[in-house]
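So the structure is just underneath, and the comments pick up after that.
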Amino acid sequence: MLHMLNEIFTIYSQYSGTGIIMVLFFMALIYIAMSEKDRSNQTILLYGSIVLIIFIFFPLFYYLYITFVDASTYWRLWWLVPVGIGLAYAGANLIREHSLTGLMLILVILFLGGESIYSGELSGEIDLAQNAYQIPQNVIDIVDDIKANEVDEVTFAAFPPEMLIYVRQYDATLRLPYGREMLDERWSVGNGFYDQMSSEMLDFEILAEKCRYNSVRFIVVNAMKPKLNVPQDYGFELMAQHGMYSIYVFWGV
Amino acid sequence: MSVLHSLDPFILWLIVFPLLIGMLPCHLIKKQKKTPGQVYLCGLFTMLGIFQVPAVIIVLQRGHLSALIRIMFWIAVVLSCAGFVLAVVRITKTTARDCFQLPTIKGMSSEQLVFWGTFYVMLAVQCAMSVIVMTSDGDDAYYVGQALTADVTDLVYYFDPYTGAYSSLDYRHALAPFPLFIALLARQSGLHVAVVAHTVLPVFLIVATYMIYMQIGRLLFQKDPERIPTFMILIYLLNAFGVYSRYTRETFFLTRTWQGKSILANLVIPMAFLILFAIARRTERGQETEIYEEKERGTLGLFVLLLMVNLTGALSSSLGLLLLIVLESLLLLLIAIRNKHPMLILGAILSQIPCYYFIGMYAMEKIAQM
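Here it is as structure tokens:
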């Protein structure tokens with residue numbers, strides 16, 4: 002019971018990050034409790050939020066959720082709490098009553114508490130789009146090059162880890178011997194080919210074996226990585242160079 | 002010119018169909034004067050909710066995308082025609098002004114005009130940023146990959162989107178086939194799926210999200226509508242600076258706009274809140290309000306709309322169904338107690354039928370695998 006409450010608090014603290022926005026939300030709830038006269042607004046914003054928060058912290062529900070659903074997604078229940086609506090409602094009332102001071106205070110707290118979506122520190126990798134696909138241009142160039150030189154009815158190609166999420170977003174006709182599942186330890190079941198492609202030193206003797214076994218015609222490797230042996234000795238031919246990436250065609254399939 | 006031409010299907014599927022279809026649920030809700038925003042949102046959720054039904058059937062049959070598009074196109078056409086006829090009948094019986102409440106700046110103070118102007122400029126910037134900024138997220142390999150695979154092969158959920166290999170049906174994702182709606186838009190427009198998902202669709206989804214908040218603002222500030230623009234600016238700021246952790250709704254809103262879980266968090270859940278607000282208002286007792294003559298009437302229509310929202314939730318995320326059950330059950334129970342209206346509990350159960358149905362399907366599949 003206590004350890005479950007502890008886990009729920011841990012999930013809450015992960016969700017709330019700096020905690021300032023949530024503290025502000027709880028203050029907004031107190032403000033609504035003291036000043037709100039409208040019955041429906043009270044019902045949804047105040048009592049609704051309280052009931053939802055109590056429910057999220059309810060150990061029995063947590064136990065049922067992690068047993069029958071998935072422990073790693075419990076934080077999504079916080080999406081149900083109307084944090085944004087509650088804060089904006091209280092804020093709009095405060096600004097109306099205390100004009101500019103209220104607005105300035107809320108802006109200052111917002112800048113301190115949250116982070117701009119475009120700063121990218123918490124929201125993931127963010128960059129200016131290089132094309133309308135919003136896929137890195139080097140991935141598009143490499144895939145186009147492979148498609149222009151394909152010799153098989155179905156083309157198999159192996160890519161380095163950093164390209165795995167993009168390749169089949171751009172061209173779903175390419176077949177990969179391993180995919181994005183390799184990047185998540187929850188799903189990854191281990192793949193010798195991926196291990197070789199992601200290792201610090203490229204061993205083309207083993208890569209040739211893997212290509213032959215998986216019918217892979219093309220491999221894309223980071224040209225900066227040291228090579229244990231000469232690719233050409235094992236049936237690879239350098240087809241093209243795109244920035245820091247080399248495309249090799251394998252003739253041993 | 003060809004780029005403009007390829008935008009036609011987006012105008013059809015994301016503007017024209019929702020506006021016409023929206024007349025049907027709006028009629029059930031019995032609101033006297035509808036705003037275009039209300040009609041649009043009712044139509045969008047009805048269209049997406051209905052899309053879930055043939056989409057899941059086609060997915061379970063491992064059918065073809067082209068068949069799904071054909072079925073959905075004719076459903077949308079029939080519903081749009083019915084909506085159009087309904088609008089014409091209502092306008093001829095009364096006047097357009099009696100039926101619709103078009104936005105106007107008449108009677109607004111200069112302060113309000115400045116606030117609204119600021120909000121719309123910021124919204125335009127946010128939409129522009131969604132076009133010019135690229136975010137990288139691993140889940141795209143599934144969502145966009147699945148949509149592109151369906152578009153290229155015409156077979157739905159037949160292949161593993163990560164590798165392209167044949168795969169068995171993954172029920173958790175198969176029961177929430179929003180990627181097929183992206184594939185539909187791509188097929189109809191001739192644009193690449195990645196362009197649709199990353200560049201075009203987010204603009205429509207961002208605007209739709211703010212339309213929901215605007216309707217919520219109208220209900221919250223029914224007695225003091227001058228506060229709505231301030232409310233909207235604050236909602237905007239919270240969305241723009243709401244990345245207080247990587248898990249928040251706001252983080253998903255602008256970095257994964259096109260993914261099912263973001264649609265759940267930023268469209269479906271706020272829309273469910275809007276309907277719950279409306280139900281709370283309409284079932285309030287002993288208190289005369291400006292909409293007194295509409296009280297109690299149309300509550301059934303709101304539950305029909307909630308059913309459509311739940312179906313849209315099913316379309317966007319399998320896990321979302323559980324979240325919607327929690328949200329709606331708790332809040333409708335609360336409203337039923339506060340407003341002394343026990344029939345709301347029955348409404349909650351009936352409108353959640355899609356949630357129970359799809360969760361039941363998923364559970365049965367899980368048990369069968371054991």
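Which chain is which? The protein sequence lines are L and S, in order. To convert, take the position in the first sequence, counting from 1, and add 1; that gives the working numbering. To convert, take the position in the second sequence, counting from 1, and add 1; that gives the working numbering. Every residue, glycine too, gets a C-beta built ideally from N, C-alpha and C.
Taking 8 Å as the cut-off, the Cβ atoms of LEU275 of chain S and ILE217 of chain S count as close. Per DSSP, the continuous beta strand (DSSP E) segment holding HIS243 of chain L begins and ends at 237–243. Residue-level contact by beta carbon fails for GLU98 of chain L and chain S, as no gap is shorter than 8 Å.
Between THR210 of chain S and PHE182 of chain S, the CB-CB gap reaches or exceeds 8 Å. Taking a contact as a CB-CB distance under 8 Å, the pair ILE22 of chain S and ALA77 of chain S counts as one, their CB atoms being some 7 Å apart.
Contact between the region 164–176 of chain L and the region 129–136 of chain L is present: three or more C-beta pairs spanning the two stretches fall below 8 Å. Excluding residues up to 5 positions away in sequence, PRO162 lie with their Cβ nearer than 6 Å to the Cβ of SER199 of chain L in the same chain. The beta-carbon of PRO355 of chain S is placed no less than 8 Å from the nearest beta-carbon of chain L. LEU53 of chain L and LEU78 of chain L have their C-alpha atoms roughly 9 Å apart.
Between VAL196 of chain S and PRO26 of chain S, the gap from beta carbon to beta carbon reaches 8 Å or more. Between the alpha carbons of ILE166 of chain L and ILE92 of chain S lies a gap of roughly 52 Å.
What GLU182 of chain L touches in chain S, judged by beta-carbon distance under 7 Å, is TYR163, going in chain order. Taking a contact as a CB-CB distance under 8 Å, the pair LYS228 of chain L and PHE205 of chain L counts as one, their CB atoms being some 7 Å apart.
With a 10 Å radius around the Cβ and a threshold of 16 neighbouring Cβ atoms, PHE116 of chain S comes out buried.
Taking the beta carbon of MET130 of chain S as reference, the chain L residues within 9 Å of it are ILE118 and TYR119, listed in sequence order. DSSP places GLU163 of chain L within a helical segment (H, G or I) once states are collapsed to three.
At a C-beta separation below 9 Å, LEU333 of chain S has no neighbours in chain L, since its nearest C-beta there lies roughly 10 Å away. Classified as exposed, VAL24 of chain L has fewer than 16 neighbouring CB atoms from the shown chains inside 10 Å of its CB.
Contact check for LEU42 of chain S against ALA89 of chain L fails: the beta carbons are separated by 8 Å or more. Listed along the chain, the chain L residues whose CB falls inside 7 Å of the CB of THR200 of chain S are ALA133 and GLN135.
For the set L:ASP142, L:GLU154 and L:LEU177, the Cα lying nearest the Cα of ALA142 of chain S is the one of L:LEU177. As the crow flies, the alpha-carbon of TYR214 of chain L is around 16 Å from that of PHE160 of chain L.
A straight-line Cα-Cα distance of about 45 Å links LEU176 of chain S and GLN113 of chain S. At least 8 Å separates the CB of PRO162 of chain L from every CB of chain S. Contact annotation for ALA89 of chain L against chain S: PHE232, LEU235, ILE236 and LEU239 [CB-CB distance below 7 Å, chain order].
For MET135 of chain S, the enclosing beta strand (DSSP E) starts and ends at 134–137. At least one C-beta of chain S is nearer than 8 Å to the C-beta of ASN42 of chain L. Here LEU235 of chain S is buried, its C-beta having at least 16 other C-beta atoms within 10 Å.
Annotation for ILE220 of chain L: no alpha helix (DSSP H) segment contains it, though the beta strand (DSSP E) segment containing it runs 219–223. In the structure shown, ARG176 of chain L adopts extended strand secondary structure according to DSSP, grouped into three states. In the displayed model, HIS28 of chain S falls within a helix according to three-state DSSP. ARG40, SER41, ASN42, THR44, ILE45, TYR48, GLY49, VAL52, LEU53 and PHE56: these are the residues of the region 34–66 of chain L whose beta carbon lies less than 7 Å from some beta carbon of chain S, given in chain order. Interface residue (Cβ-Cβ distance to chain S less than 8 Å): ASP153 of chain L is not classified as such.
Not one beta carbon of chain S lies nearer than 8 Å to the beta carbon of ARG187 of chain L. Here the alpha carbon of TYR32 of chain L sits roughly 13 Å from the alpha carbon of ILE96 of chain L. Between ALA56 of chain S and LEU316 of chain S, the C-beta spacing is below 8 Å.
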